[in-house]
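*Asks:*
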Amino acid sequence: MCNGLKGLTRSFAVVVLAAGVAIASTPPLQAEENMWPTLKAEAFGDRPIQEEDGMVVLETPQKVEDAALVPLTVRVPPHVKGKLKSLSLFIDNNPDPKVATLTYGPAAGTGGERSFSTRVRVDNFSHARAVLELEDGSLHMATKFLAAAGGCAAMQAKDPEADVAGMGKTIVRTFTPALKSSPIWSGQVMVKHPNHNGMQLDINTAKFIPALYVKEMTVTRDGELVFKLDGTFSISTNPNFRFTFGKGEKNDLDVVIVDTDGTEFTGQTQASGS
Amino acid sequence: MPKTEETKQAACGCGAYPLSRRNLFGAALALAAAPLLRYDPAQAASVDPSEVAPGIFVHQGRYEVQSPDNRGDIANASFVVGSDGVAVIDTSGSAKMGAELREAIRAVTDKPIKYVINTHMHPDHVLGNAAFSQDEPEFVGHYKLARALGTRKESYLAANEQMLGPEAFEGSEIILPTRLIKEPTTLDLGDRELLLEPQATAHTDNDLIVTDTKTDTLFLGDLLFSVHVPTIDGSIKGWLALLDEIGKRNAARVVPGHGPKTMELPQALVPEQRYLKAIADDVRRQIAEGKTLSEATKTAGFSEKDAWKLFGQYHVRNVTAAFAELEWD
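Same order as they appear, the protein sequences are chains V and U. For what it's worth, this note's numbering labels the leading residue of the first sequence as 1, then goes sequentially. For what it's worth, this note's numbering labels the leading residue of the second sequence as 275, then goes sequentially.
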């Protein structure tokens with residue numbers, strides 16, 4: 001099923017799934033095809049991208065153990081001094097290759113290592129890419145290969161009832177750095193959300209469970225934007241994000257999350273004692 | 275005893291499928307007993323169940339991952355013979371293994387095969403079901419088994435075809451249960467009854483405990499692993515809680531999903547409880563320390579590394595599952 005979807009654009013995939021069309025027999029669409037030139041053109045047009053130039057580092061597990069929950073970490077090393085404009089994550093061979101795009105705001109911070117981590121679904125053997133856009137508009141890319149074995153199997157919830165229970169519960173944390181004067185702090189957002197990818201069959205109705213996933217997340221620190229994230233169903237169930245932000249006065253984080261149904265979830269750190 | 279491709283090829287000494295260690299002993303005996311090379315491959319059948327209690331037969335799977343060589347023979351498969359018929363409890367990991375299991379049943383009894391019970395959804399326990407369709411049994415499972423198999427059917431079949439290879443995989447299919455167990459239920463085999471108890475999410479969300487009340491034998495499926503590292507595909511908290519409950523039960527013997535043919539309560543549970551608790555304790559501590567999932571996968575539970583087979587294949591996945599569950603506590 002997922003193989004048949006490979007390389008389709010999201011909108012087409014959603015239409016096919018929504019129509020409940022049996023696509024299991026669809027022949028794989030050129031599984032070996034290199035998707036990146038198309039993805040690159042869609043996302044960045046003909047802008048040049050510097051590859052592996054040390055401005056951005058992508059960390060992936062040596063071996064993908066659970067294809068439904070693959071941790072990805074992007075680091076922008078401390079020698080990169082300026083502000084960040086955006087960060088885009090791709091998994092070329094996923095049904096929706098665009099994992100997330102972060103558009104940074106004034107509270108994203110400078111003066112230390114910046115980072116972003118999340119967990120993704122990986123449908124098949126694929127390249128994962130992080131494309132960083134700096135303030136000067138230059139683009140920098142780091143690429144890793146993911147040998148995922150689980151494929152669609154791992155896309156299925158271990159316990160569908162548990163995933164839906166408490167949906168929307170949002171936990172926001174800040175981690176006070178050892179040196180409180182450090183200009184870069186880190187935070188975490190976890191949201192209880194199934195992030196349905198639209199590919200799970202409901203056996204009772206013989207229909208696909210509609211895609212329902214976190215589409216937007218806005219993180220602010222003391223009222224100033226850290227980043228706005230546009231997400232897709234390539235992000236794992238119960239989306240989990242670690243990120244850095246610039247030290248502020250109170251360092252209170254507020255988070256607003258909107259899913260594809262338009263449901264809004266909010267969370268904030270507890271009144272700051274730090 | 276059934277003749278198989280494996281034993282036929284092994285007998286002619288030119289097989290792509292060499293004799294397994296387990297078959298070797300039987301083969302050696304057969305060779306020793308037979309003049310010249312009149313070796314009877316039936317003596318080396320890979321399904322060779324033992325009667326562990328009156329009317330209770332268990333075949334032990336290998337401590338391996340699926341391969342063309344083992345043909346999915348990696349989980350225990352059992353059957354219970356009553357005066358009215360037979361119940362099969364798990365059918366091994368391919369239609370070919372299921373067919374051998376069926377032959378082994380037929381070597382013991384010609385009573386009708388009334389029930390094929392699956393203890394949970396995993397392919398190494400259900401892919402042999404296809405071999406029993408001809409008997410038109412009731413296929414019985416936890417009430418969530420149908421959904422679990424229905425949603426994973428394509429991927430289970432694709433993954434197992436790849437691991438087993440086309441020859442060993444041939445004929446394997448997912449057969450959905452025809453009878454779903456939501457409450458404790460007894461199945462009548464004539465002079466004996468089986469008690470079926472659906473469990474809350476533990477190893478998976480569709481674990482079923484089967485008890486032969488006549489001999490006080492508990493079939494725990496993959497709620498109990500021995501030697502083979504446990505795999506978490508449900509809830510580590512649910513599993514630990516259920517193991518505490520199982521430990522309070524009395525039974526003459528338990529049959530694990532992976533491990534020896536029979537074990538005894540409560541000591542059978544101890545290594546698995548220790549393993550799961552090691553992961554839960556380490557992961558909880560790391561979450562409290564603000565560690566990430568990828569950091570946890572490098573250290574949590576590694577004190578158990580030398581205690582299990584297949585640790586390298588499954589442990590990091592177990593830690594990942596545990597972390598994703600426990601971080602919400």
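Think of the CB as a built atom: it goes at the ideal place given N, C-alpha and C, for glycine as much as any other residue.
1. Using three-state DSSP, classify Gly464(U) as helix, strand or coil.
2. What are the start and end residues of each continuous beta strand (DSSP E) run of 3 or more residues lying completely inside the region 450-509 of chain U, in chain order?
3. Where does Arg559(U) land, buried or exposed, given buried means 16+ other C-beta within 10 angstroms?
4. Helix or strand or just coil, what does DSSP make of Thr383(U)?
5. Going straight from the alpha carbon of Lys250(V) to that of Thr266(V), what length do you get?
6. Report yes if the CB atom of Phe241(V) is closer than 9 Å to the CB atom of Val189(V), and no otherwise.
7. Out of Val339(U), Val503(U) and Gly359(U), point me to the one whose CA is closest to Leu461(U)'s CA.
8. Where do the ends of the beta strand (DSSP E) carrying Phe245(V) lie?
9. Between the beta-carbon of Phe227(V) and the beta-carbon of Trp185(V), is there less than 9 Å?
10. Can you list the residues of chain U that Ser117(V) reaches, using a CB-CB cut of under 9 Å?
11. With three or more C-beta pairs closer than 8 Å as the rule, is the region 41-49 of chain V touching the region 136-146 of chain V?
12. Please list the terminal residues of the continuous beta strand (DSSP E) segment that includes Pro71(V).
13. Can you give me the C-alpha to C-alpha distance between Thr536(U) and Val528(U), rounded to a whole angstrom?
14. Does any heavy atom of the ligand SAH sit closer than 8 Å to the C-beta of Ala349(U)?
15. By Cβ distance below 6 Å, which residues in the same chain neighbour Met217(V) in space, the five residues on each side in sequence not counted?
16. Quick check: is the beta carbon of Pro210(V) nearer than 9 Å to any beta carbon in chain U?
17. Looking at the strands, I want to know which residues DSSP matches up with Trp185(V).
18. Mapping the DSSP letters down to three states, classify Asp259(V) as helix, strand or coil.
19. Quick one: is Leu102(V) buried, meaning 16 or more other Cβ sit within 10 Å of its Cβ, or exposed?
20. Start and end of the alpha helix (DSSP H) containing Phe585(U)?
21. Going by the DSSP bridge assignment, what does Met437(U) pair with across the sheet?
22. Check whether chain V comes within 9 Å of Val590(U), counting only Cβ atoms and requiring the distance to be less than that.
23. Considering only their Cβ atoms, is the gap separating Gly329(U) from Arg453(U) smaller than 9 Å?
24. What's the gap between the Cα of Ser446(U) and the Cα of Gly424(U)?
25. Count the CB pairs spanning the region 588-598 of chain U and the region 553-570 of chain U that are closer than 8 Å, and state whether there are at least three.
26. Are the Cβ atoms of Thr365(U) and Asn392(U) separated by less than 9 Å?
27. Are three or more beta carbon pairs between the region 99-118 of chain V and the region 55-74 of chain V nearer than 8 Å?
28. Since Phe267(V) sits in a beta bridge, which residues does DSSP pair it with?
29. Excluding the 5 residues preceding and the 5 following Lys583(U) in the sequence, name in chain order all residues of the same chain whose CB lies nearer than 7 Å to its CB.
*Replies:* On the basis of the data shown:
1. Of the three classes helix, strand and coil, the one that applies to Gly464(U) here is coil, per DSSP.
2. Secondary structure within the region 450-509 of chain U: the beta strand (DSSP E) runs of 3 or more consecutive residues, fully enclosed, are 453-455, 459-462, 467-472, 482-486 and 491-499 (chain order).
3. Result: exposed.
4. Note: Thr383(U) maps to coil in three-state DSSP.
5. The alpha-carbon atoms of Lys250(V) and Thr266(V) are separated by roughly 19 Å.
6. Yes, they are a contact pair.
7. Among Val339(U), Val503(U) and Gly359(U), the Cα nearest to that of Leu461(U) is on Gly359(U).
8. Phe245(V) -> beta strand (DSSP E) spans Asn240 to Gly246.
9. No, the pair does not count as a contact, with Cβ atoms beyond the cut-off.
10. By Cβ distance, chain U contributes Thr566, Leu567 and Ser568.
11. They touch, by the three-pair rule.
12. Run containing Pro71(V): Val70 to Val76, per the beta strand (DSSP E) assignment.
13. For Thr536(U) and Val528(U), the distance between alpha carbons rounds to 6 Å.
14. As for the ligand SAH, it is missing from this structure, which has no ligand bound.
15. Within its own chain, the residues whose Cβ lies closer than 6 Å to the Cβ of Met217(V), once the five positions on either side in sequence are excluded, are Leu229 and Ile257, listed in chain order.
16. For Pro210(V), the answer is no, since every Cβ of chain U falls outside 9 Å of its Cβ.
17. Answer is Phe245(V), bridged to Trp185(V).
18. DSSP places Asp259(V) in strand when its eight states are reduced to three.
19. Residue environment for Leu102(V): buried (at least 16 other C-beta atoms within 10 angstroms of its C-beta).
20. Start and end: Phe585 to Leu600.
21. In DSSP, Met437(U) forms no bridge with anything.
22. At least one chain V Cβ lies under 9 Å of Val590(U).
23. A distance of 9 Å or more separates the beta carbons of Arg453(U) and Gly329(U).
24. Cα to Cα, the separation comes out at about 15 Å.
25. Because the criterion of three Cβ pairs below 8 Å is met, the region 588-598 of chain U and the region 553-570 of chain U touch.
26. In contact: Thr365(U) and Asn392(U) (Cβ atoms closer than 9 Å).
27. Segments in contact, yes.
28. Checking the sequence, you will find Gly at residue 267(V) rather than Phe. Val255(V), per the DSSP bridge assignment.
29. Within its own chain, the residues whose Cβ lies closer than 7 Å to the Cβ of Lys583(U), once the five positions on either side in sequence are excluded, are Tyr337, Val501, His502 and Val503, listed in chain order.
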